[in-house]
Amino acid sequence: MSNTEIATLLNHVAAAMRIIDERKYYFQIVAYEKAADSLLQTHIQAVDLLREGKLEELPGIGESIRSHIAQLLRDGKVPHFEGFLSHVPASIFPLLDVPGIGPKKAFKIVHFCKLLNPDTVIDDVVQAAKEGKIATIPSFGEKSQQDIIRAVSEYKARSGKLTRTLLPMADRIASDVIHYLKKHRSVQDVRPLGSLRRKMPTVGDIDIAVASSDARGVISHFILYPNIKRVIEQGDATASIITSSGSQVDLMVQPLEAFGSLLQHFTGSKYHNVHLREIALEKGMSMSEYGIKHKGQLHKLAREEDVYKMLGMDWIPPELREDKGEIEAAMAHRLPSLIEVRDIKGDFHIHSNYPIEPSHDLGNHSMEDHLKKAISLGYEYIAFSEHNPSISQHSKDDIITIMKKRNAYIEQLKSNTKNIHIFSMCEIDILANGDLALPEEALELLDGAIVSIHSNLDDDQAAMTKRVLKGLSHPKAKVLAHPTGRLLGKREGYQLEWREIFDFMIEHHKAIEINAWPERTDAPDSVIREGIEKGVKFVINTDSHALEHMDLMPYGVDNARRGWATKDAIINAMRYTSVAQWFTQ
DNA sequence: GCCGTTTTCGGCCCGACTGTTTTCAGTCG
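Just so we're aligned, residue 69 is where the first sequence starts under our numbering, counting upward by one.
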């Protein structure tokens, strides 16, 4: 049973408790929801955490929920959960995915209209609305009836698609809106916030903050944005729209003197903010997007640093604001000094168009072009890492010939190139049996190899771990690329026994890749964080198949920062001589 | 149900907006 499935169940139990008696169960509800979020945010499966006695280390999971999950994984069900779930029809749960419908509304609809089939309830509720039945339910009216029809239609239009947007696309949408907002004369500052500012790999709603003394004017301007589908809501200081591309954009406006508080509030995350406000309470303060109240007086804060300072802690980089220990670290003045884009001195994962005759895709541009680009990025070194020659279409001797020729080409390139160092690498498939898809004689020609899984992705965890470790055991294998194989919104990827992988990496001086490709962002931040704590080294690579892909490096750095990476944990933040030495270790 | 540099008991964030309400419930972030 996956973390996603367990989280869904916990959320369902919480929803049932809200319906049964929200006041009575209030703190259990909050606890269950937090535990569910916590499970969704880790890439390590609950069953593994449980086996290692580490499930309770997840924030929001204590003795009680741990034992329920243990029972769930053992027996497939938990009587304590079933007790709550039996009080509500199962047909309410699909409705909870429709924006604007929460547990209470879902229950009323299902109860009054007698819609009891979970498989058809989404369509049934639209039918009931069209027949005018929804408007007759107490506390519902004509408007809410129409809202439900529209909400379901929007929900169905995007079902099956990625409901969150990849970070670069969200960046583009945000910058269009920001460009438009700046046209309003009262706007003094505009910033993208929320998960966009925290650099999450996928972004839900796009949050934007504006500093202005004319909130109404800015909001009137905002809702006239040209690429708009509809206005969701509009108030005195906030508004939300849906763009024609289907993205929700939330706007908040505050005067410049309170902008620091707004930045802090709107950046989140939810649990980071909740934790900060609890600390404020302990200090006799109360904080919101308007400022910090202390002894009856509201202190408006123009700078975000001052919000944290007033609470007695250091400013926290947005990427860390997930309530995963960053607040404690900030209070102790022990926040890590995170890696930055300017620390990056090279890129190891570049697919040029050199005719290596691979089974996977070749790059679009020449090695020479990539070198120029690397120099323009200020790199000290670069590694070429085309896929190995196809083993199904070449004999062993063919492959060795191709690789010798490539090696000679790279040697020639080296002798003609100043200002940057070149490493000769390859991205080599780890075959189903754990062997590398390149003969020994060809491997010896390389400075090092990137190894990765591209086939038989459904091996189970133990088998996949064994396979990866076997692939990594060759002395030339230095980097494990995109180590979970996930593609955001498309596939989950495979599971590895991370502790075993980490130990092996440390002992044999190898590194795990942080793949900057936005659809991958692989390793995931939770894996990076745990690896970093153990002392594992990482490499941030773009996996470029074209020149412009080399510009994706900042997304890799973002993800490394979310994993609490400092520059001393990143191989390609080291100087050339150190990297060259690392290749020989 | 979780959690701890005042606590293993007694706390538990803060606000915006909408619709159907005459003063608030539900949803969202």
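All C-beta atoms, glycine included, are put in the ideal place defined by N, C-alpha and C.
Pair within 8 Å by beta-carbon distance, residue i and residue j
| i | j | result |
| --- | --- | --- |
| Glu-408 | Val-607 | no |
| Lys-578 | Ala-545 | yes |
| Met-378 | Ile-395 | no |
| Gln-600 | Trp-566 | According to the sequence as given, residue 600 is Ile; it is not Gln. In this structure, Trp-566 does not lie closer than 8 Å to Ile-600 by Cβ. |
| Ala-510 | Asp-497 | no |
| Leu-330 | Ala-283 | no |
| Val-245 | Val-321 | no |
| Phe-491 | Asp-515 | yes |
| Glu-357 | His-333 | yes |
| Tyr-449 | Tyr-644 | yes |
| Ile-177 | Ile-205 | yes |
| Ile-417 | Asp-611 | Reading off the sequence shown, one finds His at residue 417, where the question assumed Ile. Their beta carbons are under 8 Å apart, which means His-417 touches Asp-611 by this criterion. |
| Ile-216 | Ala-197 | yes |
| Leu-234 | Met-268 | no |
| Val-536 | Ile-521 | yes |
| Arg-389 | Arg-259 | no |
| Lys-472 | Leu-430 | no |
| Ile-582 | Ala-628 | yes |
| Thr-306 | Leu-261 | no |
| Gly-144 | Ala-103 | no |
| Ile-97 | Ile-137 | no |
Residues bridged to residue i (per DSSP)
| i | result |
| --- | --- |
| Arg-559 | Leu-555 |
| Arg-259 | Ala-277 |
| Thr-634 | Leu-406 |
| Phe-452 | Ile-418, Ser-492 |
| Glu-301 | Ser-308 |
| Ala-579 | Val-547, Lys-605 |
| Ala-361 | Sequence check: residue 361 is Lys here, not Ala. DSSP output for Lys-361 lists Ser-354, Leu-366 as bridge partner(s). |
| Leu-234 | Thr-270 |
| Pro-457 | Pro-426 |
| Gln-316 | Ile-310 |
| Val-156 | Val-156 is not bridged to any residue. |
| Ala-517 | Ala-545 |
| Ile-190 | Beta-bridge pairing links Ile-190 to no other residue. |
| Ile-88 | Its beta-bridge partners do not exist; DSSP assigns none. |
| Lys-165 | Reading off the sequence, residue 165 comes out as Asp, not Lys. The partner list for Asp-165 (beta bridge, DSSP) is empty, contrary to what the question assumes. |
| Asp-590 | Asn-583 |
| Gln-653 | Gln-653 pairs with nothing; no bridge assigned. |
| Gln-322 | Ala-279 |
Inter-residue CB distance, residue i and residue j (contact presumed, cutoff 8 Å)
| i | j | result |
| --- | --- | --- |
| Tyr-100 | Val-81 | 6 Å |
| Leu-366 | Val-375 | Not quite, the Cβ-Cβ distance comes to about 13 Å (not below 8 Å), so this is no contact. |
| Ser-254 | Ser-280 | 4 Å |
| Leu-406 | Thr-634 | 6 Å |
| Lys-605 | Ile-639 | 5 Å |
| His-433 | Leu-615 | 5 Å |
| Leu-113 | Asn-71 | The sequence given here has Gln at residue 113, not Leu. At roughly 6 Å, the Cβ-Cβ gap stays under 8 Å, so Gln-113 and Asn-71 are in contact. |
| Arg-474 | Ile-424 | 6 Å |
| Pro-171 | Ile-87 | 5 Å |
| His-438 | Ser-420 | 6 Å |
| Leu-141 | Met-69 | 6 Å |
| Met-353 | His-362 | 5 Å |
| Arg-630 | Glu-387 | 5 Å |
| Ala-398 | Gly-359 | About 19 Å; that fails the 8 Å criterion. |
Nonlocal neighbours in the same chain, by C-beta distance under 7 Å from residue i, ignoring five residues either side
| i | result |
| --- | --- |
| Arg-232 | Thr-270, Val-271, Gly-272 |
| Gly-130 | Glu-124 |
| Val-220 | Val-166, Ile-190, Val-193, Val-194 |
| Met-532 | Tyr-562, Gln-563, Leu-564 |
| Gln-302 | Ile-287, Ile-291 |
| Lys-250 | Val-258 |
Proximity test, residue i beta-carbon vs the ligand ADP heavy atom, cut-off 7 Å
| i | result |
| --- | --- |
| Lys-602 | What this structure holds is no ligand at all, so the ligand ADP is not there to describe. |
Cβ neighbours of residue i in the same chain (closer than 6 Å, five flanking residues each side left out)
| i | result |
| --- | --- |
| Arg-500 | Rather than Arg, the amino acid found at residue 500 in this sequence is Ala. Answer for Ala-500: Asn-524, listed in chain order. |
| Gly-561 | Thr-552, Gly-553, Arg-554 |
| Asp-411 | Lys-635, Ala-641 |
| Lys-464 | Pro-507 |
| Asn-456 | Cys-494, Ile-496, Ala-505, Leu-506 |
| Lys-338 | none |
| Phe-372 | It should be pointed out that residue 372 corresponds to Glu in this sequence rather than to Phe. Taken in chain order, the residues that qualify are Gly-328, Leu-331, Gln-332. |
| His-617 | Thr-610 |
| Glu-210 | Ala-203 |
Chain-order list of residues whose beta-carbon lies under 8 Å from that of residue i (same chain, five-residue window excluded)
| i | result |
| --- | --- |
| Arg-460 | In the sequence as presented, Arg is not what sits at residue 460; that position holds Ser. Same-chain partners within the cutoff: Ser-427. |
| Tyr-447 | Ile-412, Lys-413, Gly-414, Asp-415, Ile-488 |
| Thr-110 | Asn-71, Leu-117, Leu-126, Ser-594 |
| Ser-312 | Asn-295, Ile-296, Lys-297 |
message = Below 8 Å, how does it come out for the stretch 182 to 200 and the stretch 158 to 169: are there three or more Cβ pairs, yes or no?
response = yes
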